[in-house]
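Going by the numbering used here, the first residue of the sequence shown is number -15, and it counts up by one from there.
Glycine is no exception: its CB is placed at the ideal position from the N, C-alpha and C atoms.
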Amino acid sequence: MGAGLFAGLIPSLASQAPEIEDELNSAAQAAVVAIQDYASWLENEVIPNAAGEFPVGVEYFETLLSENHMVDWDVDWLLEKGYELYDSTLEEMEALAEQIDPTKSAKDMVESIKDDHPTAEGLLDAYRAAMQSARQFVIDHDLVTIPENEELKIIETPMFWRNQIPYAAYLQPGLLDEVQEGIFVVTPVNPDDPPEQQEEKLRGHPNDDLPIISLHEAYPGHHLQLTVANLNKSLPRLMGGLLSTLFIEGWAFYCEEMMEQQGFINKPIQRLARLQAQLWRASRIIVDVSLHTGKMEYEEAVQFMVDKANLEPSDARVEVNRYTKSPTQPMSYLMGKHEIMQIVDEYRTRYPDHSLKQMHDAIVAGGSLPPRLLRKRLFERQTTDD
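Right under this line is the structure:
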């Protein structure tokens, strides 16, 4: 991964600075050699003697929940909540599938959705079109203010990162950058893979999912929220998202259902795809807790994501690889959405005359605060934003 960064990405960036291109490329090649030497040492000296395990255990997991995310959940409650959300989402999916086609189960429909996908060559353009459509919908329906200093590029996921991102992801701009340019990465098909593996990868990008993924990563999801967050002049506010992902992921996931309610996701089969995305996030809660508290082994987790979250096997393995390294992050999507929806309900009760745009602008204006602090800012602050 690291060698790929210096061998691939740095030379492409260096070409944009010709006055120091040779110096950058020389340094990058030296870094590649050093990383390869280090990797060889790890493989031949460290791994054969390593005896550690990745699960962090109950105590540390609950410490992360308390200290980073500022919630009072314990692992038993969180695991039970994950199963509860999984079951209720699956019930919604089955009811909707019954309306669409009584002869098929929700799972069968989800699999059939995957059959309709872009070509390998047209994958990025399909995402660009979906992203632009979501952005225009936000503007046309006046859902939230889009800041003036933002830009967003969609590119292929760099090679060194593809073993961690099965579908798509968002890289936010620098906290103090004058122009807030985000990067939306999409993991493409490897042209060297056998045809069946290429098809499996494309099935992870079905056309009915693209609007949902695009609004989640771009507008009004991650890109919009994080560029607004970077407008804060307070350095603690700017740094607020580094510990807790509960609001960041929760906001983007909240936007999926909100954009369905507003009409952007307007076909029944797309609603099913949106619920499938929620089933996947509920599965993340279960696997996140189970992996790190010893209730589930790695291979069990991979199979769970295939059987219960309806992921392709190769994508499920990439997903679980990430979960092993980031305890409490996988649960933050659906649990964060759950917290934000409670805040939305309270906001509407307190300020019934405010528009949807006023509410959304107020919610994102505080930066990437954990929901506990967001509540204080929205409902308890007096005369200061500090």
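A distance below 9 Å separates the beta carbons of residue 58 and residue 49. Counted as a single uninterrupted DSSP element, the stretch harbouring residue 199 is not any beta strand (DSSP E) but the alpha helix (DSSP H) occupying residues 194 to 201. When secondary structure is reduced to three states using DSSP, residue 273 falls in the helix class. Taking residue 95 as the centre and dropping the five residues before and after it, the same chain places the C-beta of 294 closer than 8 Å to its C-beta, in chain order. About 38 Å separates the beta carbons of residue 255 and residue -7, which is beyond the 8 Å limit, so they are not a contact pair. At a Cβ-Cβ threshold of 9 Å, residue 203 and residue 149 do not count as neighbours. Per DSSP, residue 130 lies in no beta strand (DSSP E) segment and is marked neither H nor E.
Minimum Cα-Cα distance from residue 215 among the listed residues 315, 157, 179, 123 corresponds to 157.
In the structure shown, the three-state DSSP call for residue 249 is coil. In the DSSP assignment, the residues bridged to residue 137 are 167. Straight through space, the alpha carbons of residue 313 and residue 200 are spaced by roughly 16 Å. Residue range 152 to 155 is occupied by the beta strand (DSSP E) that includes residue 154. Bounds of any alpha helix (DSSP H) do not take in residue 281, whose DSSP letter is neither H nor E.
Exclusion of the five residues before and after residue 42 leaves 59, 277 as the residues of its chain whose Cβ lies within less than 6 Å of its Cβ. Within the region 287 to 316, the alpha helix (DSSP H) runs of at least 4 residues that lie entirely inside it are, in chain order, 297 to 309. Counting along the chain, residue 179 sits inside the alpha helix (DSSP H) bounded by residues 179 to 186. Under a 10 Å Cβ-count criterion, residue 268 is classified as buried, with 16 or more other Cβ atoms of the shown protein chains found around its own Cβ.
Within the same chain, Cβ atoms closer than 8 Å to the Cβ of residue 173 are found at 104, 107, 182, 185, 186, the five residues on either side in sequence being excluded.
Exposed is the label assigned to residue 4, since fewer than 16 other Cβ atoms lie within 10 Å of its Cβ. Spanning the alpha carbons of residue 354 and residue 241 requires a straight line of approximately 20 Å.
Distance from the Cα of residue 348 is smallest, within the candidate group 324, 302, 40, 137, for 324. Residue 350 and residue 217 have their C-alpha atoms some 11 Å from each other. Here the C-alpha atom of residue 264 lies approximately 16 Å from the C-alpha atom of residue 64. Residue 137 has its alpha-carbon roughly 16 Å from the corresponding atom of residue -4.
Rounded to whole angstroms, the gap between the alpha carbons of residue 194 and residue 171 is 13 Å. Rounded to the nearest angstrom, the gap between the Cα atoms of residue 1 and residue 340 is 45 Å. Per DSSP, residue 146 is not a residue of any alpha helix (DSSP H), being assigned neither H nor E. Boundaries of the alpha helix (DSSP H) harbouring residue 345: 340 to 349, taken from the DSSP string.
Under the three-state reduction of DSSP output, residue 53 falls in the coil class, being neither helix nor strand. Burial is judged here by how many other beta carbons sit within 10 angstroms of a residue's own beta carbon; residue 22 has fewer than 16 and is exposed.
In this structure, DSSP gives residue 73 a helical state, which the three-state scheme calls helix. Between the region 295 to 306 and the region 140 to 154 there are three or more C-beta pairs closer than 8 Å, enough to call the two in contact. For the pair of segments examined, the region 316 to 331 was found not to touch the region 274 to 289: the number of CB pairs separated by less than 8 Å stays below three. Secondary structure at residue 223: coil, using DSSP grouped into helix, strand and coil. Taken atom to atom, the span from the alpha-carbon of residue 160 to that of residue 230 is near 22 Å. Apart from sequence neighbours up to five positions away, the residues of its chain that approach residue 155 with a beta-carbon distance below 7 Å are 166, 167, 169, ordered along the chain.
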